[in-house]
Every structure is written in C-alpha cells, then in structure tokens.
Amino acid sequence: AQSVTQLDSQVPVFEEAPVELRCNYSSSVSVYLFWYVQYPNQGLQLLLKYLSGSTLVKGINGFEAEFNKSQTSFHLRKPSVHISDTAEYFCAATYSGAGSYQLTFGKGTKLSVIP
Amino acid sequence: DTGVSQDPRHKITKRGQNVTFRCDPISEHNRLYWYRQTLGQGPEFLTYFQNEAQLEKSRLLSDRFSAERPKGSFSTLEIQRTEQGDSAMYLCASSSRETALNTEAFFGQGTRLTVV
Chain S
1 AQSVTQLDSQ VPVFEEAPVE LRCNYSSSVS VYLFWYVQYP NQGLQLLLKY LSGSTLVKGI
61 NGFEAEFNKS QTSFHLRKPS VHISDTAEYF CAATYSGAGS YQLTFGKGTK LSVIP
Chain L
116 DTGVSQDPRH KITKRGQNVT FRCDPISEHN RLYWYRQTLG QGPEFLTYFQ NEAQLEKSRL
176 LSDRFSAERP KGSFSTLEIQ RTEQGDSAMY LCASSSRETA LNTEAFFGQG TRLTVV
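Protein chains in written order, with the working numbering: chain S, 1 to 115; chain L, 116 to 231.
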C-alpha cells in the first residue's frame, strides 16, 4: 500500500522565522504530490502540487516545496512565517495506478507561529 | 461557482441512529470523493464516484455505510446504526476531467459527526 509520512506532528516557530515541514512518500514510478492546509473546523485548501517538470514548486501564501526523487521527499518551506500561517498542514500523494486518483494523506503537521 | 458545499456542518446523534450527509460538488465536476478524518489523523479515502457510478470503495466503508450520487450531481453518504467510532469529520471533494491530470481535488468544509 502507498503511504505518506509526515515526520513532525507539531512544529512551533517564531514569527518571521523560516520553517520546513517534512514529508516522505513511498516510492512509485509515477507519483503526484500535494500540500494542503487546514484551518480549524474547515476543509482542506490546496497550497501547491507537483505533477511533473521542475522539482521546485511554488504555491500560494509564499510556500514552496521541492520534489526529491532519490530521497522520496517533498518538504514544504516558507522563508518567513506569519501568525496567519498557524494551521495544520497535510502532505498527500496520488499515484498513476490509483485509477480514481484518490489521495493518500500523511497524519498532518500542526504549525504554531509564536508572536 | 461557490465551491464544494456540505450539509450539515455539524451533526450530533445518538448511538444506533441513522444519519445522512449531503455534498454538492462544483458544478460540472464529474469526480466526487468522500474522505473521513478522525482526530489527529489525516483524511482517509472512503469512496469515489465518476458521474453517477461508484467506482471504488475503501475497506473502511463497512456495510453500515452507503453512498449515492444520483444523476451524477450531488452525493449523499448514509451511516446506519451509528457507533461511537463513527465520530469524525466527513469530507467531500470533487475534481474535473478538465484539469491536466484530473488530480486537483477541491474540498468542502466537511460535516463533523459526533456520536454520543
């Protein structure tokens, strides 16, 4: 079975500091990767996605992620966080053999931005 | 286009009762998904529709769960004889054949179910 691992369940960081949220996926010939953000009692909002091409992907709200095939990683980064970035972040993957393109999610990382 | 909408947003029910949730996808999105998210976990896939056809079901979807998508528009998810373990956020998502790889899913705000 395919899997996505988010190594940190909680990440506290001071406002305006950089942050990296880690994500590893199980290897596959053709994988598509996503980062979603979830605010309390809300659904999921897509931050960015990697389908193919350039391994550095830029998303909304100043986030970016780098696809690393050799390390099977897709870490999310932001150079300077804001209070409003406090939320839960989910890494997700789908695979070309999935048919339905259903998403497999990690368990999430709660980002807390400290003023 | 107002996005994916789910109703109700919250539902409290007694154990053993039946509940039904509704999802209205983005218009003309032909793919519709249901996910379940329990506390401290990421969403887990439950089932998938392409138009009105239910093409895939997870092993998580026990016999007490049934989903429909009549006419390929809105969808309903029914849970019969609810159990406390059914308490979770139920998320609906839709995607369009028009996106490059049919992979970008748009999520609703979810229905939070509490079984007491």
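Quick reminder that beta carbons are idealized off the backbone N, C-alpha and C, glycines included.
For residue i, the first and last residue of its enclosing beta strand (DSSP E)
i, result
"Tyr150 of chain L", "146-152"
"Lys78 of chain S", "73-78"
"Val230 of chain L", "226-230"
"Asp122 of chain L", "120-122"
Assigned exposure category for residue i - 16 Cβ within 10 Å defines buried
i, result
"Ser209 of chain L", "buried"
"Glu88 of chain S", "buried"
"Gly200 of chain L", "exposed"
"Ala215 of chain L", "Note that Ala215 of chain L has pLDDT 47, beneath the 50 cutoff, so the model's placement of it is unreliable and no number is given."
"Gln10 of chain S", "exposed"
"Phe14 of chain S", "exposed"
"Pro40 of chain S", "exposed"
Sub-7 Å separation of residue i and residue j beta-carbons
i, j, result
"Tyr205 of chain L", "Arg151 of chain L", "yes"
"Phe164 of chain L", "Arg184 of chain L", "yes"
"Leu21 of chain S", "Leu76 of chain S", "yes"
"Phe74 of chain S", "Leu7 of chain S", "no"
"Gln121 of chain L", "Thr226 of chain L", "yes"
"Tyr95 of chain S", "Phe67 of chain S", "no"
"Val31 of chain S", "Ala93 of chain S", "yes"
Three or more C-beta pairs below 8 Å linking the stretch 82-102 of chain S and the stretch 124-131 of chain L: Per the Cβ contact rule, the stretch 82-102 of chain S is not in contact with the stretch 124-131 of chain L (fewer than 3 Cβ pairs under 8 Å).
The stretch 53-71 of chain S touching the stretch 100-114 of chain S, judged by at least three CB pairs closer than 8 Å: They do not touch, by the three-pair rule.
Would you check if there are 3 or more beta carbon pairs closer than 8 Å linking the stretch 187-199 of chain L to the stretch 133-150 of chain L? Output reads yes: the stretch 133-150 of chain L touches the stretch 187-199 of chain L.
Uninterrupted beta strand (DSSP E) stretches inside the stretch 32-58 of chain S (no shorter than 3 residues): Counting whole runs of 3 or more residues, the stretch 32-58 of chain S contains the beta strand (DSSP E) stretches 44-50, 56-58.
Report the residue ranges of all beta strand (DSSP E) runs contained in full by the stretch 166-212 of chain L; include only those spanning at least 3 residues, in chain order. Those beta strand (DSSP E) runs which fall completely within the stretch 166-212 of chain L and span 3+ residues are 168-172, 180-183, 190-194, 203-210.
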